[in-house]
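Residue numbers (the numbering used here): 3 to 447.
For each residue, glycine too, the CB sits at the ideal point set by N, CA and C.
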Amino acid sequence: MALNDRFLNPQMGRILRTLGFDKVWTGGEGAHLIDADGERYLDLFGGYGVFAIGRNHPEAIAAVEEVMAARTGNLPQLGVTLLSGVLAEQLLSRAPDSVGAMVPANSGTEAVEAAIKIARAATGRPRVLYAEHAFHGLTLGSLSINGNSEFRDGFGPLLPGCEAVGFGDLDALEHELEGGDVAAFIVEPVQGKGVNLPADGYLLSAQRLCRDAGALFVCDEVQTGIGRTGRFLALEHWDLQPDIICVAKALSGGLVPIGAVLVSRAAFDTVFDGMERAVRHGSTFGGNDLAAAAALATLRVLDREGLVERSQRLGALLLELTEPLVERFDVVKEVRGIGLMWAIEFGPPEGASARRLWRTVEARQPGLFSQLVTVPLFHEHRILCQVAGHHMNVIKALPALTIEEDEIRRFADALTQTIAAADRYPVALARFGLRTGLRAALARR
Ligand SMILES: Cc1ncc(COP(=O)(O)O)c(C=O)c1O
Numbered sequence: 003m004a005l006n007d008r009f010l011n012p013q014m015g016r017i018l019r020t021l022g023f024d025k026v027w028t029g030g031e032g033a034h035l036i037d038a039d040g041e042r043y044l045d046l047f048g049g050y051g052v053f054a055i056g057r058n059h060p061e062a063i064a065a066v067e068e069v070m071a072a073r074t075g076n077l078p079q080l081g082v083t084l085l086s087g088v089l090a091e092q093l094l095s096r097a098p099d100s101v102g103a104m105v106p107a108n109s110g111t112e113a114v115e116a117a118i119k120i121a122r123a124a125t126g127r128p129r130v131l132y133a134e135h136a137f138h139g140l141t142l143g144s145l146s147i148n149g150n151s152e153f154r155d156g157f158g159p160l161l162p163g164c165e166a167v168g169f170g171d172l173d174a175l176e177h178e179l180e181g182g183d184v185a186a187f188i189v190e191p192v193q194g195k196g197v198n199l200p201a202d203g204y205l206l207s208a209q210r211l212c213r214d215a216g217a218l219f220v221c222d223e224v225q226t227g228i229g230r231t232g233r234f235l236a237l238e239h240w241d242l243q244p245d246i247i248c249v250a251k252a253l254s255g256g257l258v259p260i261g262a263v264l265v266s267r268a269a270f271d272t273v274f275d276g277m278e279r280a281v282r283h284g285s286t287f288g289g290n291d292l293a294a295a296a297a298l299a300t301l302r303v304l305d306r307e308g309l310v311e312r313s314q315r316l317g318a319l320l321l322e323l324t325e326p327l328v329e330r331f332d333v334v335k336e337v338r339g340i341g342l343m344w345a346i347e348f349g350p351p352e353g354a355s356a357r358r359l360w361r362t363v364e365a366r367q368p369g370l371f372s373q374l375v376t377v378p379l380f381h382e383h384r385i386l387c388q389v390a391g392h393h394m395n396v397i398k399a400l401p402a403l404t405i406e407e408d409e410i411r412r413f414a415d416a417l418t419q420t421i422a423a424a425d426r427y428p429v430a431l432a433r434f435g436l437r438t439g440l441r442a443a444l445a446r447r
């Protein structure tokens with residue numbers, strides 16, 4: 003923490019100390035983080051969703067070690083390597099027929115940047131449409147199609163020609179496409195910020211509108227891909243055939259950063275249309291052997307351990323256990339999820355005085371109620387989970403797909419107890435305020 007405060011991000015240090023999350027993490031295994039006292043914490047944060055096969059999976063570690071021991075001819079640059087080729091083959095064999103080539107990358111946002119560039123170059127059009135509340139990463143291109151002002155503000159001017167449409171609003175999409183100048187509509191099949199599920203028929207209709215307008219339909223599966231939603235790619239739920247698909251995060255096995263852009267053969271061949279254009283997009287470490295080995299091991303583990311099916315089954319169980327909370331507690335407005343991508347949303351309780359108190363507190367400290375749940379979950383139940391975005395009372399879970407059924411049940415029980423305590427809002431709030439010093443912070447405001 004001292005090094006963090008001195009050289010990294012002291013504001014993050016303040017948050018961690020305020021909430022009492024300033025643990026010394028000494029290990030990780032499967033669905034758990036382990037602290038310096040050897041205590042295991044159920045990790046529902048999942049490193050922002052990278053640990054689909056669990057932390058430190060032995061097979062993924064062995065694959066990386068094997069590549070290092072083999073002293074491979076990595077990164078020849080003017081040359082090709084086996085592992086990248088096999089990874090492309092493996093990923094494309096699991097993807098819809100609409101894509102036929104892979105562009106390697108090192109992260110989610112880099113994959114999205116590539117998608118923006120490829121869409122512009124393939125169509126010769128400038129504009130990119132995205133959904134409100136979208137999150138595609140934080141580099142400038144991805145930030146230009148980010149639907150959250152708390153990330154965008156202060157970094158402008160961003161890319162021109164980027165326009166938001168409502169997630170689910172087909173009329174707005176059609177309207178924006180009318181000008182014939184749109185290169186692509188980029189959308190997360192399930193939005194990560196808030197875990198927003200698409201309305202029935204929305205994505206397929208959006209894809210059709212894009213096709214009709216000559217714009218590319220791009221699915222950002224950086225968070226939803228690699229088994230998270232109970233399918234290898236979330237787009238399988240709706241039989242989508244996108245022109246471009248971005249994956250990253252869990253493909254890494256939680257070990258080596260990676261991203262990949264799966265592109266239609268037609269778009270790819272338009273962009274890379276001659277020998278002099280063979281290197282017009284790429285990056286030094288894209289397609290490196292260590293990342294490819296970790297990714298291939300991830301795919302193997304996913305298949306052998308049946309993790310995609312497991313994600314569907316345990317996700318259904320988590321919903322079944324937590325959906326009754328809507329009936330049981332006034333403050334629980336919705337529980338939603340697909341596979342092991344799950345969220346619970348809180349809102350003002352019934353009753354004039356309780357509602358007034360909620361509004362007063364939330365006006366000063368938006369999202370505070372969620373902290374009344376996440377903080378005791380951490381301290382009293384050793385469960386780490388995240389608030390799903392700024393200014394929203396949504397808690398989100400992205401556990402390892404290897405999570406045990408018992409742990410799902412333990413989470414549902416702990417959540418119920420914690421909401422019951424937080425539901426006694428004024429008391430809980432006072433206790434929380436005393437504990438964290440937030441009361442002082444609020445008073446100062
Ligand atoms: C849907 C989506 N796209 C892109 C990104 C950016 O990925 P990265 O953080 O690896 O740049 C994220 C990260 O959370 C994401 O959820």
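Assumed close pair residue i, residue j - CB separation to whole angstroms, cut-off 8 Å
| i | j | result |
| --- | --- | --- |
| Ala136 | Ile147 | 6 Å |
| Leu400 | Gly48 | 4 Å |
| Leu257 | Val66 | 6 Å |
| Ala113 | Val249 | 7 Å |
| Ile55 | Gly194 | With 8 Å as the limit, Ile55 and Gly194 do not qualify as a contact, their Cβ atoms being about 19 Å apart. |
| Gly229 | Leu44 | That belief does not hold up - the Cβ atoms of Gly229 and Leu44 are roughly 19 Å apart, past 8 Å. |
| Leu327 | Ile346 | 7 Å |
Three-state secondary structure assigned by DSSP to residue i
| i | result |
| --- | --- |
| Gln13 | helix |
| Thr74 | coil |
| Phe348 | strand |
| Met277 | helix |
| Thr20 | helix |
| Phe234 | coil |
| Cys164 | strand |
| Asn6 | helix |
| Gly32 | strand |
| Leu218 | strand |
| Arg129 | strand |
| Arg384 | coil |
| Phe169 | coil |
| Lys398 | strand |
| Asp241 | coil |
| Ile147 | coil |
| Val88 | helix |
| Ile340 | strand |
| Ile120 | helix |
| Asp99 | coil |
Residue(s) in a DSSP beta bridge with residue i
| i | result |
| --- | --- |
| Lys335 | In the DSSP output, where bridge partners are listed per residue, Lys335 has none listed. |
| Trp27 | Asp37 |
| Cys248 | Asp222, Val263 |
| Asn198 | Gln193 |
| Pro106 | Ala262 |
| Val184 | Arg129 |
| Tyr43 | Leu35 |
| Val453 | Outside the displayed span of the chain (3 to 447) sits residue 453, for which this structure offers no information. |
| Arg57 | Gly32 |
Candidates the options: closest to residue i by CA position
| i | options | result |
| --- | --- | --- |
| Thr286 | Asp183, Ala4, Val105 | Val105 |
| Thr231 | Gln92, Arg338, Leu386, Leu323 | Arg338 |
| His239 | Asp271, Leu264, Thr272, Leu205 | Leu205 |
| Glu180 | Ala217, Gly194, Val189 | Ala217 |
| Ala123 | Gly196, Ala185, Ile421, Gly349 | Ala185 |
| Glu325 | Glu223, Ser207, Thr418 | Thr418 |
| Ala294 | His34, Leu93, Val52 | Leu93 |
| Thr132 | Ile346, Gly196, Asp222, Asp415 | It should be pointed out that residue 132 corresponds to Tyr in this sequence rather than to Thr. Ranking Ile346, Gly196, Asp222, Asp415 by Cα distance to Tyr132 puts Asp222 first. |
| Phe234 | Glu336, Asp291, Gly341 | Gly341 |
| Arg129 | Pro368, Thr20, Gly149, Gly182 | Gly182 |
| Gly170 | Thr141, Asp241, Ala208 | Ala208 |
| His392 | Leu237, Asp271, Gly149 | Gly149 |
| Lys409 | His34, Phe9, Arg16, Lys25 | In the sequence as presented, Lys is not what sits at residue 409; that position holds Glu. It is His34. |
| Ala72 | Ala354, Ile55, Lys251, Leu292 | Leu292 |
| Leu142 | Glu134, Glu176, Phe157, Ser151 | Phe157 |
| Met394 | Ile120, Val52, Gln373, Arg412 | Gln373 |
| Asp214 | Ile247, Leu140, Glu178 | Glu178 |
| Glu352 | Ile260, Val334, Arg282, Gly261 | Val334 |
| Ala356 | Arg426, Phe270, Ile17 | Arg426 |
| Ala236 | Cys387, Pro259, Val197 | Val197 |
| Gly168 | Val189, Asp155, Trp27 | Val189 |
| Asn58 | Val263, Gly308, Gly261, Ala252 | Ala252 |
| Pro191 | Arg19, Met343, Arg302, Thr20 | Met343 |
| Val303 | Glu165, Ala4, Gln79, Glu61 | Glu61 |
| Val531 | Ile36, Val224, Ile405, Thr376 | Residue 531 lies beyond the range of the chain shown here (3 to 447); nothing can be said about it. |
Check: residue i C-beta below 8 Å from any heavy atom of ligand 2
| i | result |
| --- | --- |
| Lys251 | For the structure depicted, ligand 2 is absent and the ligand set comprises only ligand 1. |
Any chain B beta carbon closer than 9 Å to residue i
| i | result |
| --- | --- |
| Ala107 | Considering every chain present, this structure includes no chain B. It has just one protein chain. |
Quick check: the segment 311 to 318 against the segment 273 to 281, are there 3 or more CB pairs under 8 Å? Short answer: they don't touch.
Determine contact between the segment 380 to 391 and the segment 355 to 364, defined as no fewer than three beta-carbon pairs at a distance below 8 Å. no
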